[in-house]
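**Student:** Following this message is one structure expressed as structure tokens.
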Amino acid sequence: MIKVSLISLGCAKNLVDSEIMIGHLHAAGMTVVPEADQADVVIVNTCSFIDSSKEESIGHILEVHQDRGMKKRRQHQKLIVAGCMSQRFSKDLKSELHDEVDAFIGLDQVTKVAPIIREILAKDRAADDAPPVFIEGRSTYIPDYDTPRFRLTPRHFAYIKIAEGCNHPCTFCIIPQIRGRHRSRTVESVVAEARQLVREGVKEINLISQDTTFFGMDTWDQRPNPRTPVDSSRGTALTTLLRQLNAIEGDFWIRLLYTHPAHWSDELIRTIAECPKVARYIDIPLQHISDHMLGLMQRETSSAYIRDLMQRIRAGIPGIAIRTTFIVGFPGETEADVDELCDFIRETKFERLGVFRYSQEEGTRAAKMDGQIPKKTKEARWHRVMKLQKEIAAQVSATFTGRTIKVLVEEPGVARGEADAPDIDGRVYLPITVPIGEFAHVRITGHEDYDLLALPAGDAPATRKVAKQAQ
Ligand code: F3S
Numbered sequence: 001m002i003k004v005s006l007i008s009l010g011c012a013k014n015l016v017d018s019e020i021m022i023g024h025l026h027a028a029g030m031t032v033v034p035e036a037d038q039a040d041v042v043i044v045n046t047c048s049f050i051d052s053s054k055e056e057s058i059g060h061i062l063e064v065h066q067d068r069g070m071k072k073r074r075q076h077q078k079l080i081v082a083g084c085m086s087q088r089f090s091k092d093l094k095s096e097l098h099d100e101v102d103a104f105i106g107l108d109q110v111t112k113v114a115p116i117i118r119e120i121l122a123k124d125r126a127a128d129d130a131p132p133v134f135i136e137g138r139s140t141y142i143p144d145y146d147t148p149r150f151r152l153t154p155r156h157f158a159y160i161k162i163a164e165g166c167n168h169p170c171t172f173c174i175i176p177q178i179r180g181r182h183r184s185r186t187v188e189s190v191v192a193e194a195r196q197l198v199r200e201g202v203k204e205i206n207l208i209s210q211d212t213t214f215f216g217m218d219t220w221d222q223r224p225n226p227r228t229p230v231d232s233s234r235g236t237a238l239t240t241l242l243r244q245l246n247a248i249e250g251d252f253w254i255r256l257l258y259t260h261p262a263h264w265s266d267e268l269i270r271t272i273a274e275c276p277k278v279a280r281y282i283d284i285p286l287q288h289i290s291d292h293m294l295g296l297m298q299r300e301t302s303s304a305y306i307r308d309l310m311q312r313i314r315a316g317i318p319g320i321a322i323r324t325t326f327i328v329g330f331p332g333e334t335e336a337d338v339d340e341l342c343d344f345i346r347e348t349k350f351e352r353l354g355v356f357r358y359s360q361e362e363g364t365r366a367a368k369m370d371g372q373i374p375k376k377t378k379e380a381r382w383h384r385v386m387k388l389q390k391e392i393a394a395q396v397s398a399t400f401t402g403r404t405i406k407v408l409v410e411e412p413g414v415a416r417g418e419a420d421a422p423d424i425d426g427r428v429y430l431p432i433t434v435p436i437g438e439f440a441h442v443r444i445t446g447h448e449d450y451d452l453l454a455l456p457a458g459d460a461p462a463t464r465k466v467a468k469q470a471q
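Letter by letter, the sequence shown follows residues 1 to 471 in the working numbering.
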């Protein structure tokens with residue numbers, strides 16, 4: 001029996017691709033093993049969002065190659081590179097990683113991975129031959145509800161990829177060139193998958209894509225003009241989807257991730273407010289607030305539009321937690337732009353906020369812009385914004401003290417609240433007796449910057465106790 005090991009890097013979208021590959025490997029009768037040491041084939045599912053993700057991907061490839069060189073058992077082991085870095089750079093990498101890699105596959109090959117493995121195992125490559133590249137042009141694939149998939153997330157939460165690709169022109173981003181044009185699944189397909197997940201005991205469904213608010217708009221007769229925000233009163237496929245998901249029986253959360261500000265509407269705000277299963281949490285990467293920066297970034301929104309949208313969301317969905325991300329150090333950014341950003345953060349008091357230092361990415365328009373910012377200045381701006389947010393986060397956390405909130409228990413003594421998405425947000429520390437994978441209602445007794453405590457007075461979080469004992 002063929003044994004395969006898979007290393008999944010990058011974001012949740014890539015994780016779903018890994019899950020689909022494993023689903024297809026199982027369906028083809030192959031065994032998936034956790035240790036690369038035991039495998040006939042190792043797949044590295046890569047990310048290439050920024051330089052550091054590419055370096056991490058290359059690092060894993062080199063490590064697998066080096067390890068197999070050291071063990072006799074692994075002499076014939078094959079190494080396949082999949083995912084975003086492979087899709088984008090396989091032409092260059094096939095000569096750079098000539099000795100290390102046995103095949104490159106892209107995003108559309110996730111369902112064809114088993115026959116590709118059989119093919120490369122069947123014949124040894126001559127030393128002079130370049131590794132084969134199984135990538136056919138631009139990515140067009142999109143999974144369906146019945147696509148074989150083996151979930152890699154804990155039993156209680158799952159991701160559903162509702163669309164793939166991106167039509168936005170953001171000048172700093174390489175992802176549209178990797179993942180292709182936006183294509184949505186149907187509402188029926190997503191609902192069928194969600195029903196199945198709820199039947200399997202999933203308590204939180206995270207809806208993901210490059211831009212979840214664009215869901216279904218790629219099928220409109222008249223495509224939305226990105227420079228004109230959508231008709232605010234109009235229902236969209238996303239609002240239909242949220243209402244249908246909300247109608248599925250069971251106790252679970254629906255979490256909407258990766259929304260783009262340009263496609264929010266009043267109807268979407270109303271829908272979230274009216275659907276109790278949709279978490280009072282939205283993820284809306286804004287990237288900047290100054291018109292100068294939004295223009296250079298080609299974010300298809302303006303400062304006035306974003307400020308108005310934040311107010312409409314806060315007014316329309318009581319108790320909403322807003323998560324956003326900003327980029328500092330984008331080419332041309334001035335101190336005045338950063339001042340404006342800090343003022344906006346102070347006014348809006350985002351419950352959750354991430355800050356990226358701009359990364360000059362090969363193949364993007366921003367990489368060729370004048371006014372690239374020195375590393376030291378980017379660092380200083382990043383620290384300034386993070387310091388500000390740390391203060392705001394502590395104020396936000398303090399408002400929870402004394403309240404009873406619903407949490408989803410992740411591991412012994414650790415849970416997430418409605419305002420905390422998996423992997424990226426804060427935690428709620430609670431007694432280890434609360435069962436894992438279930439909802440619980442806990443009283444918040446205190447906080448530590450980004451995290452909340454739901455513990456008897458004087459008790460420390462269990463994970464910290466364990467760490468201390470191990471020292
Ligand atoms: Fe995700 Fe990295 Fe690709 S962030 S979409 S795996 S480039």
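Built from N, CA and C at the ideal position, the CB exists for glycine as well.
I believe V81 touches I61 by the beta-carbon criterion, under 8 Å. Please report the beta-carbon distance rounded to the nearest angstrom.
**Tutor:** Confirmed, Cβ separation roughly 6 Å.
**Student:** With H, G and I counted as helix, E and B as strand and the rest as coil, what does DSSP make of K3?
**Tutor:** strand
**Student:** Does the structure place the stretch 143–156 close enough to the stretch 62–82 that three or more beta carbon pairs sit under 8 Å?
**Tutor:** no
**Student:** With a Cβ-Cβ cutoff of 8 Å, do Q287 and T334 count as a contact?
**Tutor:** Against a cut-off of 8 Å, the Cβ pair of T334 and Q287 comes out as no contact.
**Student:** With which residues is N167 paired in a DSSP beta bridge?
**Tutor:** BP columns for N167 are empty, so no partner.
**Student:** When we look at the beta-carbon of I120 and count the other beta-carbons within 10 Å, is it buried (16 or more) or exposed?
**Tutor:** buried
**Student:** Do you know how far the Cα of Q196 is from the Cα of G363?
**Tutor:** About 40 Å.
**Student:** To which residues does DSSP link S8 through a beta bridge?
**Tutor:** N45
**Student:** Got a sec, what are the start and stop residues for the alpha helix (DSSP H) W220 sits in?
**Tutor:** Element bounds for W220: n/a, residue is neither H nor E.
**Student:** Say the cut is 7 Å; is the CB of C487 nearer than that to a heavy atom of ligand 1?
**Tutor:** Outside the shown range of the chain (1 to 471) lies residue 487, about which nothing can therefore be said.
**Student:** Distance, Cα to Cα, H156 vs N206?
**Tutor:** Approximately 11 Å between the Cα atoms of the pair.
**Student:** According to DSSP, which residues form a beta bridge with T325?
**Tutor:** G354
**Student:** Should L455 go down as buried or exposed, given a rule of 16 or more other Cβ atoms within 10 Å for buried?
**Tutor:** buried
**Student:** Mind pulling the beta strand (DSSP E) runs of 3 or more residues that sit fully within the stretch 104–191?
**Tutor:** 157–161
**Student:** Beta carbon of I424: closer than 7 Å to some heavy atom of ligand 1?
**Tutor:** Every heavy atom of ligand 1 is 7 Å or more from the Cβ of I424, so no.
**Student:** Does the distance between the C-beta of K13 and the nearest non-hydrogen atom of ligand 1 fall short of 7 Å?
**Tutor:** yes
**Student:** Ignore the nearest five residues each way along the sequence and tell me which others in I2's own chain have a CB closer than 6 Å to its CB.
**Tutor:** M30 and D40
**Student:** For V466, name the three-state secondary structure that DSSP assigns.
**Tutor:** Residue confidence for V466 is low, a pLDDT of 45 falling below 50, so the modelled location carries little weight; the figure read from the coordinates is stated next. Residue state, collapsed to three classes: helix.
**Student:** I want to know whether the stretch 307–320 touches the stretch 275–286 - three or more CB-CB distances under 8 Å.
**Tutor:** yes
**Student:** On the three-state DSSP scale, how would you describe T401?
**Tutor:** coil
**Student:** I'd like to confirm something about C47: is its beta-carbon nearer than 7 Å to some heavy atom of ligand 1, or not?
**Tutor:** Correct: C47 has its Cβ closer than 7 Å to ligand 1.
**Student:** Verify the contact flag: I175, CB atom, against every heavy atom of ligand 1, threshold strictly below 7 Å.
**Tutor:** yes
**Student:** K78 by DSSP, collapsed to three states: which one?
**Tutor:** strand
**Student:** Would you report the Cα separation of V110 and L257, rounded to the nearest angstrom?
**Tutor:** 23 Å
**Student:** Going by C-alpha distance, which of V190, K112 and G201 is nearest I208?
**Tutor:** V190
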